[in-house]
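Just so we're aligned: the sequence shown equals residues 9 to 281 in this note's numbering.
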Amino acid sequence: MRTGFIGLGSQGGPMARRIIDAGQDVAIWGRRPETLAPYVDTGAKIVGSPAEVGAASDVVCLCVVADQDVLDVATGPDGVLSGMAAGGIIVVHSTVHPDTCRRLAEVAGDVGVTVVDAPVSGGGRAADAGNLLVMVGGADDDVARCMPIFEIYGDPVVHLGELGSGQTTKLLNNLLFTANLATAVETLSLGSALGVDTTRLAEVITRGSANSFALGRVAAAGGTLDQLAKHAGGLLRKDVGLLEGIAGDRGREHGDAVLAAAHAALDRMGPAS
Numbered sequence: 009m010r011t012g013f014i015g016l017g018s019q020g021g022p023m024a025r026r027i028i029d030a031g032q033d034v035a036i037w038g039r040r041p042e043t044l045a046p047y048v049d050t051g052a053k054i055v056g057s058p059a060e061v062g063a064a065s066d067v068v069c070l071c072v073v074a075d076q077d078v079l080d081v082a083t084g085p086d087g088v089l090s091g092m093a094a095g096g097i098i099v100v101h102s103t104v105h106p107d108t109c110r111r112l113a114e115v116a117g118d119v120g121v122t123v124v125d126a127p128v129s130g131g132g133r134a135a136d137a138g139n140l141l142v143m144v145g146g147a148d149d150d151v152a153r154c155m156p157i158f159e160i161y162g163d164p165v166v167h168l169g170e171l172g173s174g175q176t177t178k179l180l181n182n183l184l185f186t187a188n189l190a191t192a193v194e195t196l197s198l199g200s201a202l203g204v205d206t207t208r209l210a211e212v213i214t215r216g217s218a219n220s221f222a223l224g225r226v227a228a229a230g231g232t233l234d235q236l237a238k239h240a241g242g243l244l245r246k247d248v249g250l251l252e253g254i255a256g257d258r259g260r261e262h263g264d265a266v267l268a269a270a271h272a273a274l275d276r277m278g279p280a281s
């Protein structure tokens, strides 16, 4: 299968590298020349525009940052859709609003291209190891066609339902992670107030029934959210806001506690930069 990849950052780069190393026919493009430099001596085909990626690919994976980036790269004047043939598939690995994927699908459908949303979790290290968690939404046939690519860097790969369901699931995951940050940091703070050494308390809990990934991150940062706020605060704030907008009244009815805890964590991280 001819595969295109756009978005060669800290997570997308290792994903693309695994596809290339698997011997696939891969076309890549990047806005910044320095992101393409590591691939000059590989089997990847470096092309001059998203349209050329589309023309060279049956499936194009997008791992760019924001909703507008997805739309610009796919639907812009020299975007993927301007070069892709009917029957192609665009895969959105970015974490964006489900409606962005649906909007893209409407435009893509006019030229016979379909869309699958497949946000990922695990970061560059998991991509390197081939065990990213891939959360997939889309039609059964489209997902089946993409599965050989997903399985190169993903384990597990979970098909959650129709287009957009992967994005909703990723946002729910990030909401709960953010809420868990609040409960973790407050538990360690309470322990300190009760005279328990914070480091040793974290050592115990990370080996007990109350362990969580969030607790591990807080413990590694010395019991605060300061470090996490610097490199992930903005993304978590974005994702919680997206999920809150999607949930609407249902969030207040079914998710009030977790939303409140998530906002408590965001408040501890300080104002949005």
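Using N, Cα and C, we set each Cβ at its ideal position, and we do this for glycine too.
As assigned by DSSP and simplified to three states, the class of residue i
i	result
T11	strand
D33	strand
M277	coil
P156	helix
M143	strand
P58	helix
T103	coil
T122	strand
S90	helix
S217	coil
P85	coil
Q175	helix
Q19	coil
V48	coil
V193	helix
Beta-carbon spacing of residue i, residue j below 7 Å
i	j	result
T176	P106	yes
V289	T83	Within the shown structure, residues of the chain are numbered from 9 to 281, placing residue 289 beyond reach of any answer.
A59	D86	yes
V166	F158	no
G15	V72	yes
S200	T206	yes
A222	A272	no
I97	D33	no
I28	A64	no
V78	V104	yes
T214	G224	yes
Beta-carbon proximity list for residue i, same chain, < 6 Å, skipping 5 on both sides
i	result
S90	A59
G241	M277
R245	L274, A280
A227	A210
L44	G38, I54
M92	G62, V121
G231	L196, T206
V128	H101, L140, V142
E194	none
A218	none
Residues bridged to residue i [DSSP beta-bridge criterion]
i	result
D109	The sequence given here places Cys at residue 109; Asp does not occur at that position. Paired residues: none, contrary to the question.
K53	A35
H167	V144
G162	L140
C69	F13, V99
V128	V142
Contact belief for residue i with residue j at Cβ below 8 Å, rounded distance in angstroms
i	j	result
L168	G174	6 Å
A152	M23	The Cβ separation is near 20 Å, so there is no contact.
G12	A35	5 Å
E252	L267	6 Å
S220	A187	That belief does not hold up - the Cβ atoms of S220 and A187 are roughly 10 Å apart, past 8 Å.
M155	D66	About 13 Å; that fails the 8 Å criterion.
V248	A229	Between A229 and V248 the Cβ distance is about 19 Å, and since that is not below 8 Å, they are no contact.
L250	L179	6 Å
S18	G130	Not quite, the Cβ-Cβ distance comes to about 12 Å (not below 8 Å), so this is no contact.
Cβ neighbours of residue i in the same chain (closer than 8 Å, five flanking residues each side left out)
i	result
G172	P106, D107, C109, R110, D125, G145
A113	T122, V123, L171
G138	R26, I160, Y161, G162, D163
V48	I54
E42	none
G263	L183, A255
Distance cut-off 6 Å: residue i Cβ against heavy atoms of the ligand GTP
i	result
M277	Among the components of this structure there are no ligands whatsoever, and the ligand GTP is therefore not found.
Neighbourhood of residue i by C-beta, 7 Å cutoff - its chain only, sequence neighbours within 5 removed
i	result
G95	G120
G259	E252, L267
S57	W37, D86
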